Structures are given as C-alpha cells and as structure tokens.
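Asker: Numbering (my numbering), first residue to last: -19 to 167.
Glycine residues also receive a C-beta, built at the ideal position from the N, C-alpha and C atoms.
Every value quoted in this text rests on a predicted model; they were computed, and no experiment measured them.
1. Pull up the distance between the alpha-carbon of residue 50 and that of residue -18, whole angstroms please.
2. Along the beta strand (DSSP E) that carries residue 164, what are the first and last residues, could you check?
3. Note down the Cα distance separating residue 118 from residue 10, rounded to an integer number of angstroms.
4. Leaving out five residues before and five after residue 145 in sequence, what residues of the same chain have Cβ atoms less than 6 Å from its Cβ?
5. Just how far apart, CA to CA, sit residue 94 and residue 32?
6. For residue -12 and residue 56, what's the separation of their Cα atoms in angstroms?
7. If you follow the beta strand (DSSP E) that residue 23 is in, where does it begin and where does it stop?
8. Please list the terminal residues of the continuous beta strand (DSSP E) segment that includes residue 57.
9. Compute every distance between the C-beta of residue 163 and the non-hydrogen atoms of the ligand ADP, then say whether any falls below 8 Å.
10. What separation, rounded to the nearest whole angstrom, lies between the Cα atoms of residue 113 and residue 138?
11. Would residue 41 and residue 87 be called neighbours here (beta carbons separated by less than 9 Å)?
12. Whose CA, out of 134, 167, 141 and -9, lies closest to the CA of residue 58?
13. Over the uninterrupted beta strand (DSSP E) stretch that includes residue 200, give me the two end residues.
14. Please report the residue range of the beta strand (DSSP E) in which residue 72 lies.
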C-alpha cells in the first residue's frame, strides 16, 4: 500500500493505492473407499474398527490461480462536517490446470469494482452516511475442480447502505445502525 495525505485547494485528501499479486496452487488426489463400516449419527461407536480399503486413483488434479489487482481509494474532507470517499479496483483472476478426471480447468476473469460514500458529521461523536459499492467473485475463486464451473460468469454484488454511528457515554459505547440492500447477480 502507498498512502498519501495532501491538499488540492481547500480539499484535504487521504489517498491509498496499491497492487496485489497472488499465486495459489491446489494439488488434489482422489480416493475411493470400499467396504467401509456404517454407523449411525445419533449413536456412533468410537471403538468400531475400520475394515475398508482406501485406494488412490492414478489421476492427480493440479490447478493454479494467479491474480493481479490494482486499486485507488481517496477520502476527501469537503468541509468541517462533510467527507466523500470513493475508489476503484481492477482485478484479473486466471485459473489453469486439470481436474482429478484430467479434464482442463481454465478461465480468466477481469473485473472492475467501485465504492463511494458521502459522510455527514453533525458532531465530533457522530456521523450519518450513505454508500454504494460493487464487487465480483469469480466462479473458480476457491480453485474449484469442476470443469463445468469454467463456463460460469463471476457473481456480481451491488450494495447500497445508509446508516449512522454515535459514540456515547464519554466514548465508551458505540451505537451504530444501518439499512442496506444487497443485490446479487449470477449467484
């Protein structure tokens, strides 16, 4: 993260920008179990011996996910009582590999998301705010091994929120409340 505080005329800025690079790998072996004893959930026998056999399948799933993201967020003090906050994030998430059935698992998603808020501070101990934000979650985010998931578009989330926060009892108690709406597409 890179943080900066500066002024543009009468406006005070608090800027945060950064870059995130991530690499995840997941190697998975499948097993089959034959002759496993059965027990009941409500009365399990902890002394029951396992007499089954576990066999590893010869196929190994191997999936790698790489993500790159860049972001920029700024909080601007408009006046003594008003602040605005906003930001953008661009992300690329690419998965490549094979499933435990040796089928290809490959998908690349590029995503933009944004956040924005307007904050009113009628006193030093309280604030009122409204905000809007978007986000995306790729279908292979958890390095899922199902090749069918490669055709699923990312889940998109849209959030609108309004709320208030107040410090009371000499700042020993924080009261907060909010109403919000979350819309998900492709969930």
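Answerer: By the coordinates alone:
1. Position 70 of the chain shown, counted from the first residue, corresponds to residue 50. Position 2 of the chain shown, counted from the first residue, corresponds to residue -18. Rounded to whole angstroms, residue 50 to residue -18 spans 11 Å at the Cα level.
2. Here residue 164 refers to the residue found at position 184 when the chain shown is read from its first residue. That run of the beta strand (DSSP E) goes 153 to 165.
3. Translated into the one-based positions of the chain shown, residue 118 becomes position 138. Translated into the one-based positions of the chain shown, residue 10 becomes position 30. Near 24 Å, if we compare the C-alpha coordinates of residue 10 and residue 118.
4. For the purposes of this step, residue 145 is taken as the residue at position 165 of the chain shown. So the qualifying residues of the chain are 107 and 156.
5. Start at 1 with the first residue of the chain shown, and residue 94 comes out as number 114. Start at 1 with the first residue of the chain shown, and residue 32 comes out as number 52. Taking the straight line joining both Cα atoms gives about 53 Å.
6. Within the chain shown, residue -12 is the residue found at index 8, counting from 1. Within the chain shown, residue 56 is the residue found at index 76, counting from 1. C-alpha separation (whole angstroms): 10 Å.
7. For the purposes of this step, residue 23 is identified with residue 43 of the chain shown, where counting begins at 1. Residue 23 -> no beta strand (DSSP E), and no H or E assigned at all.
8. The count along the chain shown starts at 1 and reaches residue 57 at position 77. Its beta strand (DSSP E) spans residues 33 to 57.
9. As far as ligands go, the structure on display features none, and thus does not contain the ligand ADP.
10. Working through the chain shown from its first residue, we reach residue 113 at position 133. Working through the chain shown from its first residue, we reach residue 138 at position 158. So the alpha carbons of these two residues sit roughly 6 Å apart.
11. Numbered from its first residue, the chain shown carries residue 41 at position 61. Numbered from its first residue, the chain shown carries residue 87 at position 107. No, they are not a contact pair.
12. Stepping through the chain shown from its first residue, residue 58 is reached at position 78. The candidate whose alpha carbon is nearest that of residue 58 is -9.
13. For residue 200 there is no data in the structure shown, the boundaries of the chain being -19 and 167.
14. In the chain shown, counting from the first residue as 1, residue 72 sits at position 92. 62 to 78 is the extent of the beta strand (DSSP E) around residue 72.
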